[in-house]
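*Asks:*
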Amino acid sequence: MSSTGFEARIVIIGCGISGIAAANRLLKVGFKHVRILEATGRSGGRIKTGKLGDNIVEIGANWIHGPSEENPVFCLARQYGLLDPDALTPENQAMDVRGHPPWIPNVFTSSGRKLNFEDVYPAVEMFGELMEESAEFLEKGGEPWPSVGQFIRAEVLQRSAEKWKEDNASSLKRSMISTMLKVECCVNGTHSLDDLGLGVNGLYKTILGLDCTFPGGYEGLVRNLMSEMPADLVTYNQPVRCIHWNNSGKKDVKVECEDGKMVAADHVIVTVPLGYLKKHFTSLFHPPLPLHKMLSIQRMGFGTNNKIFVEFDSPWWDKDCQVIYMVWEDEDAMMDQVNDIPGSWIKKLFGFTVLKPTERFGHVLCGWIAGHEASYMETLSEQEVLNAVTQLVRRFTGNPIITPRRVLTSKWFHDPWTCGSYSYPAIGCSLQDIENMMEPLPSKQSLSQPLQVLFAGEATHPCYFSTVHGALLTGWREADRLLAHYSSTQPAQPPKSKL
């Protein structure tokens, strides 16, 4: 590679994990003029560790999904010594959970009953089978419904008529399906599974390994990566107003900041969340993006998944419990959204995961809520959320005196720089849309039209969208694209990512 390539001025917009990964890679291979412009006062983006009392909790990214050799986040976390010994065992890395860890559940109902899991297990089993089947239409085509939600409801009605006798238990099992639909809304970051495209649902790929967390907080990964780079790499509190690129043969790009400052660059890597892009793409690029790119940004889904951390003086769940499901007995119509959001938003909360180990966290639960109900929850005061959770827990346990000590909520929808949580393939999407979103500008490169604007971030990964490892890999991908661009023997494909 020529020395002039290493002199290229590269500006990265956004200091989330994809922006950090791109900068880290570029500096390691020898690029000298790399800088990051970050709209907020912190690094990490949707990786955000907070405190509930003395406890470390994850406001943003929660798990390493698939902690094994194929996952670069796991490999980095291991390298930096950030994981518990359990997460490093060969047995842990070999587990194939297909995105759904085999957590030990407790199940409570709206009439204050604690169920035996066996009572609703047939519903959970059928739901899991249908989610697996929904992913198969990508390969075989011929999807019978536009959305995953419609497919599941239709199939449950048909199969349950054959398998479950029409009695009270049948109604309870269908209500459990409603709870599982809400779980999947959180997993996919969508308001309803009626928004999740059936044909494209199979694009998402899982990695071997039992999901694990960072005992010291996910931000430890960010801190370690940042420590390997110059201290003045990032300009914080520097929102970008417009990226002035061109397709007229001129080579440089100008980044216009909100304060009027203009930053000249040879290449710009845009790593902003899809939610922000959806809201601002018309003003963020001049000239406007090509039509196919604009349409793909609009077609891709981007939703909200929020957390409600709740601390109790003592547990009301079993000692070995890892997940608590709340089943509303009036929801046998298999719905994953509520009609009256201001009055019933709490019904969208599928339940809680239990923060483990107890010795570290005490008695802390993490409630999960997705969609418009999650966005509405953000508008409430902490006391209002605490009251709603208190009433919910008392109703479902039948214990009228349980009182949470405190709550802490995430608020990703109203965060002006993210406008939600993460991406999903909506109805009408295809793999082509993700490829359109990762395509650099100008669309047709030549010697007179070099790479100007590149795109990274979780929404631009064809099969690991919505994940930290997906975001990280896209940052490496765009760094490799620039490296390939300047290499004298330019490969047809960017080099494969290696640690």
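Residue numbering for the sequence shown follows my numbering, beginning at 151 and increasing consecutively.
We put the beta carbon where it would ideally sit given N, CA and C, even for glycine.
Does at least one heavy atom of the ligand MG sit under 6 Å from the Cβ of S193?
*Replies:* With respect to the ligand MG, the structure offers nothing, as it holds no ligand at all.
*Asks:* Would you grab the beta carbon distance between G625 and A172 for me? Rounded to a whole angstrom, and I think it's under 8 Å.
*Replies:* Going by Cβ atoms, the distance from G625 to A172 rounds to 4 Å, so yes, they are a contact pair.
*Asks:* Report the three-state DSSP secondary structure of E481 (helix, strand or coil).
*Replies:* Correct three-state label for E481: coil.
*Asks:* Residues bridged to G451 by DSSP?
*Replies:* G451 is bridged to Y574.
*Asks:* In this structure, how does DSSP classify I491 when only helix, strand and coil are distinguished?
*Replies:* In this structure, I491 counts as helix in the three-state DSSP scheme.
*Asks:* Among C392, F431 and P423, which one has its Cα closest to the Cα of A414?
*Replies:* With distances taken between Cα atoms, A414 lies closest to C392.
*Asks:* Are the stretch 378-391 and the stretch 191-210 in contact at 8 Å, needing three or more beta carbon pairs?
*Replies:* Judged by Cβ distances under 8 Å, the stretch 378-391 makes contact with the stretch 191-210, as three or more pairs qualify.
*Asks:* From P440 to E312, what distance separates their C-alpha atoms?
*Replies:* Answer to the nearest angstrom: the Cα atoms are 51 Å apart.
*Asks:* Nearest to F502 by alpha carbon, out of F511, I496, E509 and L515?
*Replies:* For F502, the nearest C-alpha among the options comes from L515.
*Asks:* What residue range does the alpha helix (DSSP H) around M587 cover?
*Replies:* L581 to M588 is the span of the alpha helix (DSSP H), which, as asked, contains M587.
*Asks:* Do you know offhand how far L176's Cα is from D490's?
*Replies:* Whole-angstrom Cα-Cα distance: 50 Å.
*Asks:* Taking just the CA atoms, how far does I458 sit from K506?
*Replies:* Spanning the two alpha carbons is a distance of roughly 16 Å.
*Asks:* DSSP on A629, reduced to helix/strand/coil?
*Replies:* The answer is helix: DSSP assigns A629 an H, G or I state.
*Asks:* Which residues in the same chain as M245 place their Cβ atom closer than 8 Å to its Cβ, once the five residues preceding and following it in sequence are excluded?
*Replies:* Contacts found: L358, G359 and L360.
*Asks:* Do the stretch 160-170 and the stretch 420-437 touch if we need at least three Cβ pairs shorter than 8 Å?
*Replies:* Verdict: yes, contact present.
*Asks:* Nearest to L632 by CA position, among E608, F615, E589 and A609, is which residue?
*Replies:* With distances taken between Cα atoms, L632 lies closest to E589.
*Asks:* Alpha carbon to alpha carbon, how far is D482 from S325? Give it in angstroms, no decimals.
*Replies:* For S325 and D482, the distance between alpha carbons rounds to 4 Å.
*Asks:* Is it buried or exposed, Q487, if we count other Cβ atoms within 10 angstroms and call 16 or more buried?
*Replies:* Q487 comes out buried.
*Asks:* Please return the same chain residues whose Cβ sits closer than 6 Å to the Cβ of Q602, not counting the five positions on each side in sequence.
*Replies:* For Q602, where only same-chain residues beyond five positions count, the Cβ hits under 6 Å are W395, V403 and L591.
*Asks:* Does DSSP classify A606 as helix, strand or coil?
*Replies:* Coil, per DSSP.
*Asks:* Which residue comes first and which comes last in the alpha helix (DSSP H) that contains F615?
*Replies:* Per DSSP, F615 belongs to no alpha helix (DSSP H) and is neither H nor E.
*Asks:* Going by the beta-carbon positions, is the gap between P296 and I577 smaller than 7 Å?
*Replies:* Taking 7 Å as the Cβ cut-off, P296 and I577 qualify as a contacting pair.
*Asks:* Does K401 get closer than 7 Å to chain C when you measure Cβ to Cβ?
*Replies:* In summary, chain C is missing from the structure at hand, where a single protein chain is found.
*Asks:* Which whole runs of the beta strand (DSSP E) in the stretch 414-453 are 3 residues long or more, in chain order?
*Replies:* Whole beta strand (DSSP E) segments, 3+ residues: 417-420 and 451-453.
*Asks:* Quick check on the DSSP output: the alpha helix (DSSP H) that includes T508 runs from which residue to which?
*Replies:* T508 to F511 is the span of the alpha helix (DSSP H), which, as asked, contains T508.
*Asks:* From the DSSP secondary-structure annotation, give me the bridge partner or partners of N256.
*Replies:* DSSP output for N256 lists I474 as bridge partner(s).
*Asks:* Using a 10 Å radius around the Cβ and a threshold of 16 neighbouring Cβ atoms, would you call N549 buried or exposed?
*Replies:* Answer is exposed; the Cβ neighbour count stays below 16.
*Asks:* Among the residues of its own chain, which have a CB less than 6 Å from the CB of A538, if the five just before and after it don't count?
*Replies:* These residues qualify, in order along the chain: I496.
*Asks:* Using C-beta distances below 7 Å, list every residue in its chain close to A621, excluding the 5 sequence neighbours before and after it, in chain order.
*Replies:* Counting only Cβ-Cβ distances below 7 Å, and skipping sequence neighbours, we find G166, I167, S168, G607 and E608.
*Asks:* On the criterion of 16 or more Cβ atoms from any shown chain inside 10 Å, does R510 qualify as buried, or is it exposed?
*Replies:* Looking at its Cβ environment, which holds fewer than 16 other Cβ atoms inside 10 Å, R510 is exposed.
*Asks:* Is D382 buried or exposed, if buried means 16 or more other CB atoms sit within 10 Å of its CB?
*Replies:* When all chains shown are included, D382 counts as exposed.
*Asks:* Can you give me the start and stop residues for the alpha helix (DSSP H) that H522 sits inside?
*Replies:* H522 -> alpha helix (DSSP H) spans G521 to M527.
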